[in-house]
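S.K.:
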Ligand code: M6R
């Protein structure tokens with residue numbers, strides 16, 4: 245039920261701190277340590293390569309899942325769009341593990357790949373929000389998101405839940421191989437949940453940004469480097485899906501290879517700058533577009549802020565920044581859609597779960 249909320253999407257955005265805390269709790273043992281079924285951890289650590297398969301927002305979560313798994317377990321990971329994988333299967337390693345990420349557990353494109361890889365005799369893990377869903381039943385293993393029902397077509401809380409579960413999976417698998425994280429993930433996820441709460445209390449600021457940059461624009465670009473690029477892809481999908489503004493996410497360094505031709509006077513550019521090691525480069529990319537007339541909205545993290553930044557995120561561990569940097573993007577999309585009179589929860593041409601290939 246929506247309760248006092250005007251839309252499910254806003255309610256689901258607001259639920260993210262709670263969902264994050266719930267996930268920490270669900271994946272903790274009685275001593276407070278993170279834990280995952282040992283069969284799943286063996287399946288991960290026995291694999292010589294992991295193939296993540298997903299669609300839409302879940303695919304974007306997969307891109308970040310690759311970062312967590314590769315950094316924390318040292319197992320190579322490929323991320324594939326489900327609808328392409330079926331018809332263009334990559335050369336598989338000798339001992340692959342497949343991870344399907346799907347909020348609904350019913351996405352036909354992802355299921356088609358699951359059926360194919362099961363026929364080939366490979367093991368599959370499904371990360372889903374829906375217990376008993378098709379992809380959960382048909383995979384060897386399931387990890388649940390514990391996000392509660394997600395009703396709005398635009399996925400919000402499922403995305404951050406996917407990131408939390410992927411981070412926990414990577415951390416526990418790494419630990420199983422004797423690769424311990426240099427930080428306390430439980431503590432850092434707790435800090436993330438608090439930061440999410442702070443952001444959910446800043447709706448007026450998000451509404452102001454949406455009004456300033458997006459109320460009449462035809463298009464909008466999201467730029468970032470490394471993980472900020474992946475979050476930008478998600479920000480762009482959210483914006484186009486519900487506000488019908490043409491929005492694209494780009495790697496900061498890629499813009500000058502063509503897309504910069506689209507920048508006109510006043511074109512909004514939402515730039516994420518949350519990563520210290522690429523801070524200078526992304527800011528250089530912002531200067532390039534500003535020189536062509538773009539209207540930049542720089543979202544940065546406390547500690548990296550500069551004078552012209554539009555919004556400063558509360559500080560969290562750098563590796564976990566996507567869990568918080570996506571929240572302003574979700575809220576900005578929500579308000580942009582609202583200002584433009586769009587049906588936020590049920591955008592045109594879309595269904596909550598895409599059960600046709
Ligand atoms: O249920 P799934 O996670 O498998 O759904 C995948 C996509 O259809 C879904 O994420 C879609 O992109 C969302 N509407 C995005 O907000």
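Residue numbers (full-length UniProt numbering): 245 to 601. From the three backbone atoms N, C-alpha and C, an ideal C-beta is built for every residue, glycine too.
Please go through the same chain and pick out, in chain order, the residues whose beta-carbon is closer than 6 Å to the beta-carbon of residue 473, but skip the five residues on each side of it.
M.R.: 495.
S.K.: Helix, strand or coil for residue 271, going by three-state DSSP, please let me know.
M.R.: Of the three classes helix, strand and coil, the one that applies to residue 271 here is coil, per DSSP.
S.K.: Taking C-beta to C-beta, are residue 436 and residue 561 nearer than 9 Å?
M.R.: Yes, they are a contact pair.
S.K.: Is the beta carbon of residue 300 within less than 8 Å of some heavy atom of ligand 1?
M.R.: True, at least one ligand heavy atom lies under 8 Å from that Cβ.
S.K.: What do you reckon, is the C-beta of residue 598 under 8 Å from a heavy atom of ligand 1?
M.R.: Under cutoff, so the answer is yes.
S.K.: Look at the alpha carbon of residue 455 and the alpha carbon of residue 514, and state the distance between them as a whole number of angstroms.
M.R.: Their backbone Cα atoms lie some 14 Å apart in a straight line.
S.K.: Assign residue 359 to one of three DSSP states: helix, strand, or coil.
M.R.: Reduced to three states, the DSSP call for residue 359 is helix.
S.K.: Is residue 350 near ligand 1, in the sense that its beta carbon is under 8 Å from a heavy atom of that ligand?
M.R.: The answer is yes for residue 350.
S.K.: Should residue 354 be listed as close to ligand 1, given that the test is whether its C-beta is under 8 Å from any heavy atom?
M.R.: Result yes, Cβ under 8 Å from ligand 1.
S.K.: Using CA atoms only, rank isn't needed, just tell me which of 569, 426, 546 and 486 is closest to residue 444.
M.R.: Selected option, being the one with the closest Cα: 569.
S.K.: Given the structure, does residue 280 come close to ligand 1, in the sense that its CB is under 8 Å from one of the ligand's heavy atoms?
M.R.: No.
S.K.: Give every residue of the same chain whose Cβ lies closer than 7 Å to the Cβ of residue 546, excluding the five residues on either side of it in the sequence, and list them in chain order.
M.R.: 556, 557, 558 and 559.
S.K.: Check the DSSP bridge columns for residue 603 and list the partner residues they point to.
M.R.: There is simply no residue 603 to check, as the chain begins at 245 and stops at 601 in what is shown.
S.K.: Just the C-alpha distance for residue 251 and residue 420, rounded to the nearest angstrom, thanks.
M.R.: Their backbone Cα atoms lie some 42 Å apart in a straight line.
S.K.: To which residues of the same chain is residue 338 closer than 8 Å at the C-beta, ignoring the five residues directly before and after it?
M.R.: The answer, listed in chain order, is 292.
S.K.: Would you mind reading off the limits of the beta strand (DSSP E) that contains residue 347?
M.R.: Unbroken run through residue 347: none, as it is neither H nor E.
S.K.: How many angstroms separate the CA atom of residue 583 from the CA atom of residue 459?
M.R.: When rounded, the distance between both Cα atoms is 6 Å.
S.K.: Sorted by chain position, which residues of the same chain lie with C-beta nearer than 7 Å to residue 516's C-beta, five sequence neighbours on each side aside?
M.R.: Correct list, in chain order: 468, 472, 475, 476, 543 and 569.
S.K.: Ligand 1 heavy atoms versus the CB of residue 399: any closer than 8 Å?
M.R.: Within the cutoff, so yes.
S.K.: For residue 420, which of helix, strand or coil comes out of DSSP?
M.R.: Residue 420: helix per DSSP, three-state reduction.
S.K.: Could you check whether the Cβ of residue 575 sits closer than 8 Å to any heavy atom belonging to ligand 1?
M.R.: No, the Cβ of residue 575 stays beyond 8 Å of every heavy atom of ligand 1.
S.K.: Note down, one range per segment and in chain order, each beta strand (DSSP E) of at least 3 residues found wholly within the stretch 438 to 511.
M.R.: Segments of the beta strand (DSSP E) lying fully in the stretch 438 to 511: 463 to 468 and 490 to 495.
S.K.: With a threshold of 7 Å on Cβ separation, who are the neighbours of residue 318 within its own chain once the five nearest residues in sequence on each side are excluded?
M.R.: Closer than 7 Å at the Cβ level, and outside the excluded window around residue 318, lie 423.
S.K.: Should residue 357 and residue 382 be called a contact, given that it needs their Cβ atoms to be closer than 9 Å?
M.R.: Not closer than 9 Å, so no.
S.K.: How would you call residue 334, buried or exposed, if buried means at least 16 neighbouring beta carbons within 10 angstroms?
M.R.: With fewer than 16 Cβ atoms within 10 Å of its Cβ, residue 334 is classed as exposed.
S.K.: To the nearest angstrom, report how far apart residue 427 and residue 564 are at their CA atoms.
M.R.: Approximately 11 Å between the Cα atoms of the pair.
S.K.: So, for residue 399: in the same chain, excluding its five sequence neighbours on each side, which residues have a beta-carbon less than 8 Å away from its beta-carbon?
M.R.: 300, 301, 302 and 347.
S.K.: Below 9 Å between beta carbons: does that hold for residue 387 and residue 409?
M.R.: Yes, these two residues count as a Cβ contact at 9 Å.
S.K.: How long is the line joining the alpha carbons of residue 484 and residue 571, rounded to whole angstroms?
M.R.: In a straight line, the C-alpha of residue 484 is about 16 Å away from that of residue 571.
S.K.: So does residue 628 have its beta carbon nearer than 8 Å to some heavy atom of ligand 1?
M.R.: Outside the displayed span of the chain (245 to 601) sits residue 628, for which this structure offers no information.
S.K.: DSSP three-state call for residue 515: helix, strand or coil?
M.R.: Correct three-state label for residue 515: strand.
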